[in-house]
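Asker: Take this structure, written in structure tokens, and hold onto it; I'll ask about it next.
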């Protein structure tokens, strides 16, 4: 008798939670079914799409939809997206790192003010500043250039990046900095030879998170560029759908193609990506 | 060393923030010169029934987003924080929507829900074959669903992190006292997650103020004005009707609303939360 109850309780402690398990699989269906449908449909010929069961994979998969998407200049949009993402995220993270280092190591009134000021950027919906930003970009004669997307993206990335990097740098033991100073290393040398390598995990995290934000951004390209040849991928999907709204397999091929690079990243560096996304928030 | 970052943020972040207030008192069609307009934009926007409708709709979307997403994300966060193999596997798949851009998600749902060419037409299920994006109520429902589908994974991630930081000893003590799974959830998990909940809700609030991409691609604010939340109201006035002045009034309302709600939620979290926030920098 006693053995039975204690075993029952023991099982409870090992979390065989049936309702939770069932709910977990139901939620999986909610998440995965649309993705599954997107993927299989993107390989269906447009003709057989209407006659086939939408949930059964195509019997003769075709790459025609992907060919159509690429013929519609998606290779160029891909290059644009890469240029903007790389040119925005790398400077943003370098500048944020320098700022975070100064804020953590220094203690002047100006630095305390700076950190408060940057923190403000976290509380404010920066998208709401798009109209003055548009005016500034026009007056700088940058309208309809990739630089018009890069510069604000750098600025928008800074507050969260500084927060995450500063939190990480704060955990570096002071003795390490002291010994560098005693060895006669300059402040500048300490930044790049000690702090930077030590902060590498946090830097990877921030790089990936901000990269995802810029890569998937929609409002800045929509407002600050105009020429078709300057489109980034999210904007390209939108206009592609406007043009081929009836050709659903092709629209879905465009969706798959633009997500592919990030999916590859997810497969390679899932841990970094996930910790990147929860960084600064998952307190 | 803080200067370059500060300069960038000032020029493209803080200056536009002040600029939005200044522009709200000018007339500017989006090109050419600016002309002062005093408070005329403010009085016309405050009398605009479309703006009030957008404001109420924004609050509705915000409220429903919190009510729908918080319990689901919280439970999923607790679920994925478990160390069972199958849960780790499910978590990998749960987070997939994080990878897609809002534009891609909207484009896919638009295709999926098309009454003539979408999933319903192929499956032949009559219930599915509705004009999802053509009916005002249904369109709002679709928007809420798509937002949940896109953002619940992100909030799940936040809760997962929060749950994993709860000391195990609390659960061990509780289970020695004979508390079951449900009791443990209510008496330990929920109170321990207080700050995580506040963080997540704050992000939902700010997010629904600026949820532009997804709604713009999915419905364009329509049909009629049935999904025209404030962010879309701002965009349409500014960049489609070329009235940057009134659009800036709407933008100012957005900024003020965002700041007030974020501060209010921080206050709700009590002293500890604001202290740890400042510690953050």
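Chains as they are written, first to last, in the working numbering: chain A, 4 to 286; chain B, 11 to 291. For glycine and all other residues, C-beta sits at the position ideal for the given N, C-alpha and C.
1) In the DSSP assignment, find the alpha helix (DSSP H) that holds residue 150 (chain B) and state where it starts and stops.
2) Out of B:11, B:25, B:252, which one is the CA nearest neighbour of residue 123 (chain A)?
3) Tell me whether residue 256 (chain A) is buried or exposed, calling it buried when 16 or more other Cβ atoms sit within 10 Å of its Cβ.
4) Below 8 Å on C-beta distance, what does residue 133 (chain B) contact in chain A?
5) For residue 154 (chain A) versus residue 83 (chain A), is the C-beta spacing smaller than 8 Å?
6) Using the Cβ count rule (16 or more neighbours within 10 Å means buried), how would you classify residue 187 (chain B)?
7) Return the first residue and the last residue of the alpha helix (DSSP H) that residue 203 (chain A) is part of.
8) Under 8 Å, Cβ to Cβ, is there at least one residue of chain A near residue 109 (chain B)?
9) Taking the alpha-carbon positions, what's the residue 184 (chain B) to residue 221 (chain B) distance?
10) Between residue 30 (chain B) and chain A, is there a C-beta pair that is closer than 8 Å?
11) Under 8 Å between the Cβ atoms of residue 64 (chain B) and residue 223 (chain B)?
12) Per DSSP, what kind of secondary structure is residue 6 (chain A) in: helix, strand or coil?
13) Check the Cβ of residue 46 (chain B) against every Cβ in chain D and list those closer than 8 Å, keeping chain order.
14) Spatial neighbours of residue 180 (chain B) within its chain, please: C-beta separation below 8 Å, excluding the five flanking residues on both sides.
15) Is it right to say residue 291 (chain B) is buried, meaning 16 or more other beta carbons lie within 10 angstroms of its own, or is it exposed?
16) Taking Cβ-Cβ distances below 7 Å as the criterion, which residues of the region 83–101 of chain A are in contact with chain B?
17) Would you say residue 223 (chain B) faces chain A, with C-beta separation under 8 Å as the test?
18) Are the C-beta atoms of residue 205 (chain A) and some chain B residue less than 8 Å apart?
19) Starting from residue 134 (chain A), find everything on chain B with Cβ-Cβ shorter than 7 Å and list it in chain order.
20) Taking 8 Å as the CB-CB limit, is residue 220 (chain B) close to chain A?
21) For chain A, is any of its Cβ atoms less than 8 Å away from the one on residue 97 (chain B)?
22) In this structure, how does DSSP classify residue 25 (chain B) when only helix, strand and coil are distinguished?
23) Cα-Cα, which of B:96, B:102, B:133, B:233 is closest to residue 152 (chain B)?
24) On a Cα-Cα basis, can you pick out the residue from B:17, B:20, B:51 that is closest to residue 33 (chain B)?
25) Starting from residue 89 (chain B), trace the alpha helix (DSSP H) both ways and give me its first and last residue.
26) With DSSP run on the structure shown, which of helix, strand or coil describes residue 274 (chain A)?
27) Please determine, among B:274, B:230, B:277, the residue with the shortest C-alpha to C-alpha distance to residue 146 (chain B).
28) Out of B:131, B:155, B:125, point me to the one whose CA is closest to residue 144 (chain B)'s CA.
29) So, helix, strand or coil for residue 286 (chain B), using DSSP?
30) Can you tell me whether residue 45 (chain B) is buried or exposed? The criterion is at least 16 other CB atoms within 10 Å of its CB, across all chains shown.
31) Considering Cα atoms alone, identify which of B:89, B:49, B:15 is closest to residue 22 (chain A).
32) Name, please, each residue of chain B whose Cβ falls closer than 7 Å to the Cβ of residue 195 (chain A).
33) Is residue 35 (chain A) close to chain B, meaning its C-beta is less than 8 Å from at least one C-beta of that chain?
34) For residue 40 (chain B), which residues in the same chain have their Cβ closer than 8 Å to its Cβ, ignoring the five residues on either side in sequence?
35) Looking only at its chain, what residues have a beta carbon closer than 7 Å to the beta carbon of residue 53 (chain A), apart from the 5 residues adjacent to it on each side?
36) Going by DSSP, what residue range makes up the alpha helix (DSSP H) through residue 40 (chain A)?
Answerer: According to the structure data:
1) If you number the second chain from 1, residue 150 (chain B) lands on position 140. Its alpha helix (DSSP H) spans residues 146–174.
2) Here residue 123 (chain A) corresponds to residue number 120 of the first chain, with the count starting at 1. For residue 123 (chain A), the nearest C-alpha among the options comes from B:25.
3) Taking the first residue of the first chain as position 1, residue 256 (chain A) is located at position 253. Buried is the call here.
4) Against the second chain, residue 133 (chain B) aligns to sequence position 123. Ordered by position in chain A, the residues that pass the 8 Å Cβ test against residue 133 (chain B) are 56, 57, 58.
5) Sequence index remark: in the first chain, residue 154 (chain A) carries index 151 (1-based). Sequence index remark: in the first chain, residue 83 (chain A) carries index 80 (1-based). The answer is no: Cβ separation not under 8 Å.
6) Taking the second chain and counting its residues from 1, one reaches residue 187 (chain B) at position 177. Answer is exposed; the Cβ neighbour count stays below 16.
7) Within the first chain, numbered from 1, the residue matching residue 203 (chain A) stands at position 200. Looking at the DSSP string, the run of the alpha helix (DSSP H) that includes residue 203 (chain A) is 203–219.
8) By 1-based counting over the second chain, the position of residue 109 (chain B) is 99. Yes, residue 109 (chain B) counts as interfacial toward chain A.
9) In the second chain, the residue the question calls residue 184 (chain B) occupies position 174. In the second chain, the residue the question calls residue 221 (chain B) occupies position 211. Straight-line Cα distance between these residues: approximately 41 Å.
10) Within the second chain, residue 30 (chain B) is the residue found at index 20, counting from 1. With 8 Å as the cut-off, residue 30 (chain B) counts as an interface residue toward chain A.
11) Position 54 of the second chain, counted from the start, is the residue given in the question as residue 64 (chain B). Position 213 of the second chain, counted from the start, is the residue given in the question as residue 223 (chain B). Cβ distance not < 8 Å, so residue 64 (chain B) and residue 223 (chain B) don't count as in contact.
12) Sequence index remark: in the first chain, residue 6 (chain A) carries index 3 (1-based). Annotation note: pLDDT 37 at residue 6 (chain A) (below 50); position unreliable, coordinate value reported separately. In the structure shown, residue 6 (chain A) sits in a helix (DSSP, three-state: H, G or I).
13) Absence of chain D from the displayed structure is noted, the protein chains being A and B.
14) Your numbering for residue 180 (chain B) matches position 170 in the second chain. So the qualifying residues of the chain are 198, 202.
15) Walking along the second chain from the start, residue 291 (chain B) turns up at place 281. Note that residue 291 (chain B) scores 30 on pLDDT, short of 50, meaning its location in the model is unreliable and no value can be drawn from it.
16) 98, 99, 101
17) To locate residue 223 (chain B), count along the second chain from 1; it is residue 213. For residue 223 (chain B), the answer is yes, since a Cβ of chain A falls inside 8 Å of its Cβ.
18) Taking the first residue of the first chain as position 1, residue 205 (chain A) is located at position 202. Not one chain B Cβ lies under 8 Å of residue 205 (chain A).
19) Your numbering for residue 134 (chain A) matches position 131 in the first chain. Correct list: 30, 33, 248, 254, 257, 258, 261.
20) Locating residue 220 (chain B) in the second chain gives position 210, where the first residue counts as 1. Taking Cβ atoms only, chain A reaches closer than 8 Å to residue 220 (chain B), which makes this a yes.
21) Locating residue 97 (chain B) in the second chain gives position 87, counting from the first residue. Closer than 8 Å to some Cβ of chain A, the Cβ of residue 97 (chain B) qualifies, so yes.
22) Looking up residue 25 (chain B) in the second chain gives position 15. Note: residue 25 (chain B) maps to helix in three-state DSSP.
23) Locating residue 152 (chain B) in the second chain gives position 142, where the first residue counts as 1. That would be B:233, whose Cα lies nearest to the Cα of residue 152 (chain B).
24) If you number the second chain from 1, residue 33 (chain B) lands on position 23. Nearest option by C-alpha distance: B:51.
25) Translated into the one-based positions of the second chain, residue 89 (chain B) becomes position 79. Taken as a continuous stretch (DSSP letters only), the alpha helix (DSSP H) holding residue 89 (chain B) covers 59–91.
26) Taking the first chain and counting its residues from 1, the one referred to as residue 274 (chain A) is at position 271. Reduced to three states, the DSSP call for residue 274 (chain A) is helix.
27) In the second chain, residue 146 (chain B) corresponds to position 136, counting from 1. Taking only the C-alpha atoms, the option nearest residue 146 (chain B) is B:230.
28) Counting from one through the second chain, the residue named residue 144 (chain B) turns up at place 134. Considering only alpha carbons, the answer is B:125.
29) Residue numbering aside, residue 286 (chain B) sits at position 276 when the second chain is read from its first letter. Only weak support is given to the placement of residue 286 (chain B): the predicted model assigns it a pLDDT of 39, under 50, and the value that follows is read from those uncertain coordinates. If DSSP states are grouped into helix, strand and coil, residue 286 (chain B) belongs with the helices.
30) Your numbering for residue 45 (chain B) matches position 35 in the second chain. Exposed, because fewer than 16 other Cβ atoms sit within 10 Å of the Cβ of residue 45 (chain B).
31) Numbered from its first residue, the first chain carries residue 22 (chain A) at position 19. That would be B:89, whose Cα lies nearest to the Cα of residue 22 (chain A).
32) If you number the first chain from 1, residue 195 (chain A) lands on position 192. Ordered by position in chain B, no residue passes the 7 Å Cβ test against residue 195 (chain A), which lies about 11 Å from the chain.
33) Position 32 of the first chain holds residue 35 (chain A). So, interface residue.
34) Here residue 40 (chain B) corresponds to residue number 30 of the second chain, with the count starting at 1. So the list reads 248, 249, 252, 254, once near-sequence residues are dropped.
35) Position 50 of the first chain, counting from 1, holds the residue named residue 53 (chain A). Cβ neighbours of residue 53 (chain A) beyond the five flanking positions: none.
36) For the purposes of this step, residue 40 (chain A) is taken as the residue at position 37 of the first chain. Residue 40 (chain A) -> alpha helix (DSSP H) spans 21–44.
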